[in-house]
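Using full-length UniProt numbering, you'd call the opening residue of the sequence shown number 1 and step up by one each time. Just so you know, even glycine gets a beta-carbon here, dropped at the ideal spot from N, CA and C. Following: one structure in structure tokens, then a few remarks.
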Amino acid sequence: MVLSVEFAPLFMPLSRRLQTMSVFCMSLFFAMGPLLGTISFIILMFSPLSLLAVIYITYYFLWDFDVSARGGRRFSLLRRLPVWNYFCQYFPIKLVKTAELPADRNYIFGYHPHGVISSGAFSSFATEGAGFSKLFPGIVPHLMTLKFNFRWPFHRDFLLGLGLNDVSKESINHVCTNQGTGNAAIIVIGGAAESLEAYPGSAKLKLKGRKGFVKLALKNGADLVPVYGFGENDLLCQAQHPWLRRLQEMIRSISGIAPVMFYGRGIFQYSFGLMPFRVPVNLVVGEPIPVTKSTEITQEMIDNLHTKYIDALTALYDQHKKKYSNHPDVELSFM
Numbered sequence: 001m002v003l004s005v006e007f008a009p010l011f012m013p014l015s016r017r018l019q020t021m022s023v024f025c026m027s028l029f030f031a032m033g034p035l036l037g038t039i040s041f042i043i044l045m046f047s048p049l050s051l052l053a054v055i056y057i058t059y060y061f062l063w064d065f066d067v068s069a070r071g072g073r074r075f076s077l078l079r080r081l082p083v084w085n086y087f088c089q090y091f092p093i094k095l096v097k098t099a100e101l102p103a104d105r106n107y108i109f110g111y112h113p114h115g116v117i118s119s120g121a122f123s124s125f126a127t128e129g130a131g132f133s134k135l136f137p138g139i140v141p142h143l144m145t146l147k148f149n150f151r152w153p154f155h156r157d158f159l160l161g162l163g164l165n166d167v168s169k170e171s172i173n174h175v176c177t178n179q180g181t182g183n184a185a186i187i188v189i190g191g192a193a194e195s196l197e198a199y200p201g202s203a204k205l206k207l208k209g210r211k212g213f214v215k216l217a218l219k220n221g222a223d224l225v226p227v228y229g230f231g232e233n234d235l236l237c238q239a240q241h242p243w244l245r246r247l248q249e250m251i252r253s254i255s256g257i258a259p260v261m262f263y264g265r266g267i268f269q270y271s272f273g274l275m276p277f278r279v280p281v282n283l284v285v286g287e288p289i290p291v292t293k294s295t296e297i298t299q300e301m302i303d304n305l306h307t308k309y310i311d312a313l314t315a316l317y318d319q320h321k322k323k324y325s326n327h328p329d330v331e332l333s334f335m
């Protein structure tokens, strides 16, 4: 340790170096992906290959603008690249199966907690790094994210290739209705509001007023599956100050995006940086809650199913926290 900075050992196995590099690249993508994609497009526009930029933007606006709400266009080879194995091994990230998911049904997974950047959800459902297809054969995962993320050149194509869709009602209805059976729409239900509660040791979920996913499940007859990522909130730390929090809430209320001021570790030292810490993340996938398709949906039906979901999620958390949580004494709470 030099000047209170704890440096990583100089000599490390190649596998650990590759793990660190994969996480560094993805941290850069999460932080600057839209900006890098836009800069790349501008450079292409003013290069000898400017015709490609014109073709790209024309195709985007005429045919591809809302593809994120029509099932997307996943590229299986991209999801199976070896880099995702290194990404998951870094923490490590592990999927834990507690029940079978028959492929003759469609599902809506609720992922909790959001964390700062939802590394667990991304690596487990947008890649094959955690072996989703082996654990749940016949189920196609569709990780949902903000439509905003599909408005940036090249950045959007990378997300679409990984099988991400936007989190609009139209998108979820399409996945659960127009693509046959064996589909799972994964929603990080707490959203931006919950990301501001992502502190190490926290188990506070934004769920009390979130009932839209329940209504969509009833409309489509999609079974609900609670998923809890133990360790997700421990990957990064956040700067805390009352004035900062008020500013964050104001920006979130206007834009829907939470400007999280986070910090973690660096590539060659453990004291500061934008990379997440090496903390195990275990995503426990709960038993499906059977849902019957309804054409006449009442508020009572929504409330009853929402209560059943919260009870199932709480039971899942309590059953597995001693084995997988870094803070087993922390109780799950809802806001």
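Helix, strand or coil: how does DSSP classify residue i here?
| i | result |
| --- | --- |
| Asp-66 | coil |
| Leu-274 | coil |
| Arg-210 | coil |
| Ser-118 | coil |
| Tyr-199 | coil |
| Phe-61 | helix |
| Arg-246 | helix |
| Gln-238 | strand |
| Gln-19 | helix |
| Phe-268 | coil |
| Phe-262 | strand |
| His-155 | helix |
| Leu-101 | coil |
| Thr-177 | helix |
| Leu-81 | coil |
| Ile-254 | helix |
| Thr-295 | coil |
| Lys-322 | helix |
Would residue i be called buried (16 or more neighbouring beta carbons within 10 Å of its own) or exposed?
| i | result |
| --- | --- |
| Val-225 | buried |
| Trp-243 | exposed |
| Ile-55 | exposed |
| Asp-166 | buried |
| Thr-98 | exposed |
| Gln-240 | exposed |
| Tyr-59 | exposed |
| Leu-316 | buried |
| Asn-304 | exposed |
| Met-26 | buried |
| Glu-6 | exposed |
| Glu-296 | exposed |
| Val-2 | Its pLDDT being 49, under 50, Val-2 is placed unreliably in this model, and the coordinates cannot settle the point. |
| Gly-138 | exposed |
| Asp-223 | buried |
| Leu-62 | exposed |
| Phe-132 | buried |
| Ile-93 | buried |
Give every residue of the same chain whose Cβ lies closer than 6 Å to the Cβ of residue i, excluding the five residues on either side of it in the sequence, and list them in chain order.
| i | result |
| --- | --- |
| Ser-325 | Phe-230 |
| Phe-75 | Gly-161 |
| Arg-210 | Ile-189 |
| Gly-129 | Trp-84, Asn-85, Phe-87, Cys-88 and Ser-123 |
| Lys-322 | Pro-328 |
| Lys-259 | One detail in the question is off: residue 259 reads as Pro in this sequence, not Lys. Hits under 6 Å: Gln-248 and Ile-251. |
| Asn-106 | Cys-176, Thr-181, Asn-183 and Ala-222 |
| Leu-143 | Phe-125, Ala-126, Leu-164 and Ile-186 |
For residue i versus residue j, is the C-beta distance shorter than 8 Å?
| i | j | result |
| --- | --- | --- |
| Leu-216 | Ile-172 | yes |
| Leu-214 | Ile-302 | At residue 214 the sequence reads Val, which differs from the Leu that was named. It is a contact, given that the beta carbons lie within the stated cut-off. |
| Ala-103 | Gly-37 | no |
| Leu-135 | Leu-196 | no |
| Gly-264 | Met-250 | no |
| Val-281 | Ser-22 | no |
| Leu-236 | Pro-113 | no |
| Pro-141 | Ile-186 | yes |
| Phe-41 | Ala-53 | yes |
| Ser-255 | Lys-147 | no |
| Leu-162 | Phe-150 | no |
| Ala-198 | Val-330 | no |
| Ile-257 | Thr-20 | no |
| Leu-164 | Ala-126 | yes |
| Phe-29 | Arg-278 | no |
| Leu-332 | Ala-203 | yes |
| Ile-289 | Leu-207 | no |
Who are the Cβ neighbours of residue i in its own chain at under 7 Å, not counting the five residues just before and after it?
| i | result |
| --- | --- |
| Lys-169 | Leu-216 |
| Glu-300 | none |
| Gly-221 | Val-291, Thr-292 and Lys-293 |
| Val-285 | Leu-95, Val-96, Lys-97, Thr-98, Val-225 and Val-227 |
| Thr-177 | Asn-220 |
| Asp-73 | One detail in the question is off: residue 73 reads as Arg in this sequence, not Asp. The residues are Val-67 and Leu-160. |
| Pro-200 | Asn-233, Asp-234 and Cys-237 |
What residues match up with residue i in a beta bridge as DSSP calls it?
| i | result |
| --- | --- |
| Ile-186 | Phe-109 and Leu-143 |
| Asn-282 | Lys-94 and Phe-230 |
| Asn-165 | Met-144 |
| Leu-205 | Phe-334 |
| Leu-224 | Ile-108 and Ile-289 |
Could you tell me if the beta carbon of residue i falls within a distance shorter than 7 Å of some heavy atom in the ligand FMN?
| i | result |
| --- | --- |
| Leu-35 | This structure simply doesn't include the ligand FMN, nor any ligand for that matter. |
If I measure Cβ to Cβ from residue i and keep anything under 8 Å in the same chain, skipping five residues before and after, which residues do I get?
| i | result |
| --- | --- |
| Pro-153 | Gly-37, Thr-38, Ser-40, Phe-41, Tyr-56, Ile-57 and Tyr-60 |
| Leu-10 | none |
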